[in-house]
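Following: one structure in structure tokens, then a few remarks.
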């Protein structure tokens with residue numbers, strides 16, 4: 014596990030994530046749109062891969078979804094558990110690297126947000142995780158994976 018995920022880092026990450034939480038309502042609206050439009054089953058059970066300190070986990074749980082969080086950092090999960098308790102939502106979290114997922118037909122949807130998928134740098138790891146996502150989903154489920162486009166900030170800028 015990377016050394017940057019110390020307890021102080023997890024607390025700092027959470028403070029920064031709180032600034033981004035202003036958009037979480039729009040993100041949840043997007044999740045519902047994807048669930049309604051692309052999942053052929055009713056979405057109730059969600060796996061939040063790379064759940065971190067709970068930016069999406071907690072609001073989804075508050076909406077009544079059955080959320081399971083997965084993250085490789087115990088410090089991030091500790092912050093999530095504290096926040097879940099404060100929000101009066103159940104926390105079901107697993108400390109596990111997404112490359113080591115071993116679920117089978119357990120979830121109606123998977124979300125992998127905040128560019129967590131971009132931690133995968135090898136083609137074989139990417140394929141392994143995508144296959145694990147497919148295996149973890151119930152037939153008719155949906156997966157949402159966000160990936161940062163590092164080129165977009167420079168589009169339209171003048172090149173020398």
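Residue numbers (the numbering used here): 14 to 173. Beta carbons are placed, not taken as given, at the ideal position from N, Cα and C, and that holds for glycine.
Locate the beta strand (DSSP E) running through residue i, then write down its first and last residues.
{"i": "residue 61", "result": "58 to 62"}
{"i": "residue 79", "result": "79 to 84"}
{"i": "residue 106", "result": "106 to 108"}
Can you list, in chain order, the residues of its chain whose CB lies under 6 angstroms from that of residue i, leaving out five sequence neighbours each side?
{"i": "residue 116", "result": "149"}
{"i": "residue 94", "result": "104"}
{"i": "residue 146", "result": "123 and 156"}
{"i": "residue 125", "result": "62, 63 and 158"}
{"i": "residue 134", "result": "none"}
{"i": "residue 107", "result": "83"}
Nearest-angstrom Cα distance between residue i and residue j?
{"i": "residue 37", "j": "residue 157", "result": "15 angstroms"}
{"i": "residue 42", "j": "residue 50", "result": "12 angstroms"}
{"i": "residue 14", "j": "residue 72", "result": "Its pLDDT being 42, under 50, residue 14 is placed unreliably by the model, and the measurement read from it follows with that caveat. Taking the straight line from one Cα to the other gives about 27 angstroms."}
{"i": "residue 131", "j": "residue 142", "result": "11 angstroms"}
{"i": "residue 53", "j": "residue 160", "result": "24 angstroms"}
{"i": "residue 144", "j": "residue 118", "result": "12 angstroms"}
{"i": "residue 46", "j": "residue 39", "result": "10 angstroms"}
{"i": "residue 79", "j": "residue 56", "result": "9 angstroms"}
Once the 5 residues before and after residue i are set aside, which same chain residues still bring their CB inside 8 angstroms of it?
{"i": "residue 75", "result": "100 and 102"}
{"i": "residue 97", "result": "67, 70, 71, 74, 103 and 104"}
{"i": "residue 138", "result": "112"}
Tell me, please, which residues DSSP counts as bridged to residue i.
{"i": "residue 155", "result": "122"}
{"i": "residue 150", "result": "120"}
Residues in the same chain with beta-carbon distance under 7 angstroms from residue i, minus the five sequence neighbours each way, listed in chain order, please.
{"i": "residue 120", "result": "58, 59, 60, 149, 150, 151 and 154"}
{"i": "residue 110", "result": "85"}
{"i": "residue 44", "result": "124 and 157"}
{"i": "residue 48", "result": "56, 122 and 155"}
The alpha helix (DSSP H) that contains residue i, what's its start and end?
{"i": "residue 89", "result": "87 to 99"}
{"i": "residue 39", "result": "37 to 51"}
{"i": "residue 73", "result": "70 to 75"}
Could you check if residue i belongs to the surroundings of the ligand ADP, using beta carbon to heavy atom distance under 8 angstroms?
{"i": "residue 122", "result": "Only the bare structure without any ligand can be found here, which leaves the ligand ADP out of the picture."}
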